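2 protein chains.
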Amino acid sequence: MNAAASKPAVVLLSGGLDSATVLAMARAAGYACHALSIDYGQRHGAELAAAARVAAAGGAASHRTVSVNLDAIGGSALTDSLIAVPSAPSAGIPVTYVPARNTVFLAIALGYAEVLDAAAIFVGVNAVDYSGYPDCRPAFVDAFQALARVATKAGVEGHAPRIEAPLLHLSKADIVHRGVALGVDFGLTVSCYNADPLGRACGHCDACRLRADGFAAAGVADPTPYVPA
Amino acid sequence: MNAAASKPAVVLLSGGLDSATVLAMARAAGYACHALSIDYGQRHGAELAAAARVAAAGGAASHRTVSVNLDAIGGSALTDSLIAVPSAPSAGIPVTYVPARNTVFLAIALGYAEVLDAAAIFVGVNAVDYSGYPDCRPAFVDAFQALARVATKAGVEGHAPRIEAPLLHLSKADIVHRGVALGVDFGLTVSCYNADPLGRACGHCDACRLRADGFAAAGVADPTPYVPA
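Residue numbers (the working numbering), protein chains in the order written: chain S, 8 to 236; chain W, 8 to 236.
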C-alpha cells in the first residue's frame, strides 16, 4: 500500500511517448491520475487523439482538454504556419520551441490541481533531449514549484502541489525502458511534429529522430506507425 | 524623452478600471503597449468588448485576445455556472477567485513578451482590495519574476521582461486618481461580475461595490453605466 494511494494528481498528457510514461509512473506511485491535455494550436493535432487513447489505456481517473490558442501570439514553428518545421537538426533553441509553453501548461495544471486539491502535478519535461528548451531545465521546475507555493489557496495553506518531473534527468532510452517495464503501449503514442491525420509519423523531424534513437538505444522494437515512404 | 521610449511592453488588459489605468501608466512611461486580453470563459464577456474600446482609446500599439477555457476545470463562480456570484461580502478567499488565474494570464503574457522581445509585462494586480486572492500579493509577483528569469530564451540570455505591477499597493481611490490624471475615460471600462450584454453594471456585486467606493473616496463622479433598477 503506497502512502500516496488514492491521492489525486494532475498529469499533463500530450499523447507522446514521454507523458505516457509519466502517467504510468504516477499510477505506479498510487495516485488517482487526472489527465490534462492542452490544445494550444499545435500542428500535430493527432497528438490530442493519442492523448485520449493513452489516458484510457493508462488507467487515468479522468481526462480533459483545455484549449488555449497560443497561435494568436505566434513565434513557433509548432503553432505558426509561416514558420517551417525543419527536417534537419539545428543548433541553439529550435524553432519548434513554443514561447513559455511549459509555463502555460503548468499554470493551467496548477489551477486544475487547486480545484481537485491535488497532491502533485506530473509533467514530462526532460533536460537531456530538450536541452535547447529553457523550460525543460531543473531551474525552471524549481522556480515553478516556488511559484506554486505562493500562487494558490493550497499554497497559502501550506499544501501546494508538488511539481513532479520524473523524466528530468533520463535519456530517451531510459524513458523507453521505464515505460516498457510499466506496460505502456507506445504504439498508441504520437510524438511526430508532422503526424498525418491518422497519427502516422513522418520519420524525419527532430521528435521522430529522438524517439527512434531512443528505441534503438533501448534495444526495443519501434512500434511507431510511419507514413509509407 | 524616456529611456524606455519605443520599447515594447505587454499590457494585460481586462477592460476593467484597474487595467485601463495600468495601460495609461505604461504609455506614460514611454512603452509601445501591446495589449493582451484573455477570454477565460468568464461570465462577464462585456469586459472583453470593453477591453477593445480601452485599448483603442488608450493608444495601444496593438490588441489581441487569447482564449483559454478555464471553465473546463471549474472551481470558480466566474467560470462555473453552478456557482452563484454572491451579492453580499464574504470572508476569506471569495468564490469569485479563479484558481491560478493570474498565473495563467502571466504565463500567456510571458510567451507573448518572448515573441515581441518585450522589456516589460504590465499587470493590474492589487494587494489592497483583493487581499483575499493569493495571486494578487507581492510574493506572487516576485515569484513570477523569478520564474520569468529561467522560463524563457530572453531570461536565459539575461533580459527577462520585468513584471510591472504598478497598482500593487494602491487603494481603489488612488487608482481612480492616477487614471483621471492620465486622462483615462473610465466610462469605457467594465468591472462588474454580472454586467449585461450592453456592459451595464449590476451595482451589487463585490466588483461594483469596490469600484463605486473608489470613485466616492476619490471624490470623482462615477461614470459607470448601471442597469436601470
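Positions of the beta carbon are idealized from the N, C-alpha and C atoms, including for glycine. On a predicted model such as this, the values are computed, not experimentally measured, just so you know.
Quiz item: Per DSSP, P15/W forms a beta bridge with which residues?
Solution: What you label residue 15/W is simply residue 8 of the second sequence in a count that begins at 1. DSSP output for P15/W lists A39/W as bridge partner(s).
Quiz item: At least one CB of chain S closer than 9 Å to the CB of E121/W: is that the case?
Solution: Your numbering for residue 121/W matches position 114 in the second sequence. Closer than 9 Å to some Cβ of chain S, the Cβ of E121/W qualifies, so yes.
Exercise. Can you grab the Cα-Cα spacing for the pair I115/S / V73/S, in whole Å?
Key: In the first sequence, residue 115/S corresponds to position 108, counting from 1. In the first sequence, residue 73/S corresponds to position 66, counting from 1. Cα to Cα, the separation comes out at about 8 Å.
Exercise. Report yes if the CB atom of A134/W is closer than 9 Å to the CB atom of R144/W, and no otherwise.
Key: Position 127 of the second sequence, counting from 1, holds the residue named residue 134/W. Position 137 of the second sequence, counting from 1, holds the residue named residue 144/W. Cβ distance < 9 Å, so A134/W and R144/W count as in contact.
Quiz prompt | Inter-residue spacing [alpha-carbon to alpha-carbon] between V122/W and G82/S | solution = In the second sequence, the residue the question calls residue 122/W occupies position 115. In the first sequence, the residue the question calls residue 82/S occupies position 75. For V122/W and G82/S, the distance between alpha carbons rounds to 5 Å.
Practice problem: For the alpha helix (DSSP H) containing F193/W, list its first residue and its last residue. | Solution: The residue you call residue 193/W lines up with position 186 of the second sequence. No alpha helix (DSSP H) contains F193/W, which DSSP labels as neither H nor E.
Exercise. Kindly provide the ranges of any alpha helix (DSSP H) runs that are 4 or more residues long and lie completely inside the stretch 152 to 200 of chain W, ordered along the chain.
Key: 160 to 163 and 179 to 188
Quiz item: Between A125/W and the rest of its own chain, which residues show a CB-CB distance below 8 Å, the 5 nearest in sequence each way excluded?
Solution: In the second sequence, the residue the question calls residue 125/W occupies position 118. Hits under 8 Å: K14, P15, A16, V17, H41, Y119 and P168.
Quiz item: Taking buried to mean at least 16 other C-beta atoms within 10 Å of its own C-beta, is H70/S buried or exposed?
Solution: Here the question's residue 70/S lines up with position 63 in the first sequence. Classification of H70/S: buried, given that the 10 Å Cβ count is 16 or more.
Quiz prompt | Cutoff 9 Å: D136/S Cβ touching any chain W Cβ | solution = Locating residue 136/S in the first sequence gives position 129, counting from the first residue. It does not: the Cβ of D136/S has no partner Cβ on chain W nearer than 9 Å.
Quiz prompt | Whole-angstrom distance between N109/W and M8/W, CA atom to CA atom | solution = The sequence position of residue 8/W within the second sequence is 1, counting from 1. The sequence position of residue 109/W within the second sequence is 102, counting from 1. Confidence is the limiting factor: at M8/W the pLDDT is only 43, short of 50, which leaves the residue's position unreliable, though a coordinate-based value still follows. Each residue's alpha carbon lies about 32 Å from the other.
Quiz item: Which residue or residues does DSSP assign as beta-bridge partners of F129/S?
Solution: Taking the first residue of the first sequence as position 1, residue 129/S is located at position 122. According to DSSP, which records beta bridges pairwise, F129/S is partnered with V18/S and E171/S.
Practice problem: With distances taken Cα to Cα, identify the nearest neighbour of A161/W among A228/S, D213/S and A107/S. | Solution: Here residue 161/W is taken as the residue at index 154 of the second sequence, counted from 1. Comparing Cα positions, the closest option is A107/S.
Exercise. Out of L117/W, T196/W, E164/W and I182/W, state which residue places its alpha-carbon closest to the alpha-carbon of V132/W.
Key: The residue given as residue 132/W occupies position 125 in the second sequence. Checking every option, the nearest Cα to that of V132/W belongs to I182/W.
Quiz item: Does any C-beta atom of chain W lie closer than 9 Å to the C-beta of Y200/S?
Solution: In the first sequence, residue 200/S corresponds to position 193, counting from 1. No - not a single Cβ of chain W is within 9 Å of the one on Y200/S.
Practice problem: Answer yes or no: do S178/W and G221/W have a C-beta to C-beta separation smaller than 9 Å? | Solution: If you number the second sequence from 1, residue 178/W lands on position 171. If you number the second sequence from 1, residue 221/W lands on position 214. Going by C-beta atoms, S178/W is nearer than 9 Å to G221/W.
Quiz prompt | Minimum C-alpha distance to P173/W - residue among A208/W, A127/W and L217/W | solution = On the second sequence, residue 173/W is found 166 positions in, with the first residue counted as 1. Out of A208/W, A127/W and L217/W, A127/W has the C-alpha closest to the C-alpha of P173/W.
Quiz item: On the three-pair Cβ rule with 8 Å, is the stretch 45 to 58 of chain S touching the stretch 189 to 205 of chain S?
Solution: yes
Practice problem: Return no unless some Cβ of chain S is closer than 9 Å to the Cβ of D142/W. | Solution: Within the second sequence, the letter at position 135 stands for residue 142/W. Answer yes: the Cβ-Cβ gap between D142/W and chain S drops below 9 Å somewhere.
Exercise. Ignore the nearest five residues each way along the sequence and tell me which others in A10/W's own chain have a CB closer than 8 Å to its CB.
Key: Here residue 10/W is taken as the residue at index 3 of the second sequence, counted from 1. Its pLDDT being 48, under 50, A10/W is placed unreliably in this model, and the value from its coordinates should be taken loosely. Excluding residues within five positions, the ones whose Cβ falls inside 8 Å are G37.
Exercise. Go ahead and pull the three-state DSSP assignment for V75/S.
Key: The residue labelled residue 75/S in the question sits at position 68 within the first sequence. It is a strand residue.
Self-check item: Test: T231/S CB closer than 9 Å to a CB of chain W
Solution: The residue labelled residue 231/S in the question sits at position 224 within the first sequence. No - not a single Cβ of chain W is within 9 Å of the one on T231/S.
Quiz item: Thinking C-alpha only, which one of V157/S, A202/S, L205/S and A225/S is nearest A188/S?
Solution: Here residue 188/S refers to the residue found at position 181 when the first sequence is read from its first residue. Out of V157/S, A202/S, L205/S and A225/S, A225/S has the C-alpha closest to the C-alpha of A188/S.
Exercise. Please compile the residues from chain W whose C-beta is within a distance smaller than 9 Å of the C-beta of S74/S.
Key: Position 67 of the first sequence holds residue 74/S. The answer, in chain order, is S74, V75, N76 and A79.
Practice problem: Could you give the DSSP three-state label for A146/S: helix, strand or coil? | Solution: On the first sequence, residue 146/S is found 139 positions in, with the first residue counted as 1. Looking at A146/S - three-state DSSP - the assignment turns out to be helix.
Quiz item: Taking buried to mean at least 16 other C-beta atoms within 10 Å of its own C-beta, is L30/S buried or exposed?
Solution: Mapped onto the first sequence, residue 30/S falls at position 23. Label assigned to L30/S: buried.
Quiz item: Where does the unbroken alpha helix (DSSP H) through D242/W begin, and where does it stop?
Solution: Because chain W here runs from 8 to 236, residue 242/W falls outside it and cannot be looked at.
Quiz item: Name the chain S residues whose beta carbon is nearer than 7 Å to that of P106/W?
Solution: Locating residue 106/W in the second sequence gives position 99, counting from the first residue. G118, E121, V122 and T159, listed in chain order.
Quiz item: With a cut-off of 9 Å, does the C-beta of I170/W fall near any C-beta of chain S?
Solution: Here residue 170/W refers to the residue found at position 163 when the second sequence is read from its first residue. I170/W does not count as touching chain S.
Self-check item: Member of R207/S, V234/S, I170/S and A180/S whose CA lies at the smallest distance from the CA of A228/S
Solution: Along the first sequence, read from residue 1 onward, the residue named residue 228/S stands at position 221. Among R207/S, V234/S, I170/S and A180/S, the Cα nearest to that of A228/S is on A180/S.
Quiz item: Hey, would you say F193/S sits closer than 9 Å to P235/S, going by beta carbons?
Solution: Here residue 193/S refers to the residue found at position 186 when the first sequence is read from its first residue. Here residue 235/S refers to the residue found at position 228 when the first sequence is read from its first residue. Cβ distance not < 9 Å, so F193/S and P235/S don't count as in contact.
Quiz item: Nearest-angstrom Cα distance between F147/S and D136/W?
Solution: Against the first sequence, residue 147/S aligns to sequence position 140. Against the second sequence, residue 136/W aligns to sequence position 129. Roughly 31 Å between the two C-alpha positions.
Exercise. Kindly indicate if chain W contains any beta-carbon less than 9 Å away from that of N109/S.
Key: Translated into the one-based positions of the first sequence, residue 109/S becomes position 102. By this cut-off, N109/S is an interface position.
Quiz item: Is it buried or exposed for P141/S, if we count other Cβ within 10 angstroms and need 16 for buried?
Solution: Here the question's residue 141/S lines up with position 134 in the first sequence. Buried.
Quiz prompt | Three-state secondary structure (DSSP) of A228/W | solution = For the purposes of this step, residue 228/W is taken as the residue at position 221 of the second sequence. Shown here, A228/W sits in coil according to DSSP, grouped into three states, outside any helix or strand.
Exercise. Just tell me which of V75/W, P204/W and A27/W has its CA closest to the CA of D46/S.
Key: Counting from 1 along the first sequence, the entry for residue 46/S is found at position 39. Nearest of V75/W, P204/W and A27/W to D46/S, Cα basis: V75/W.
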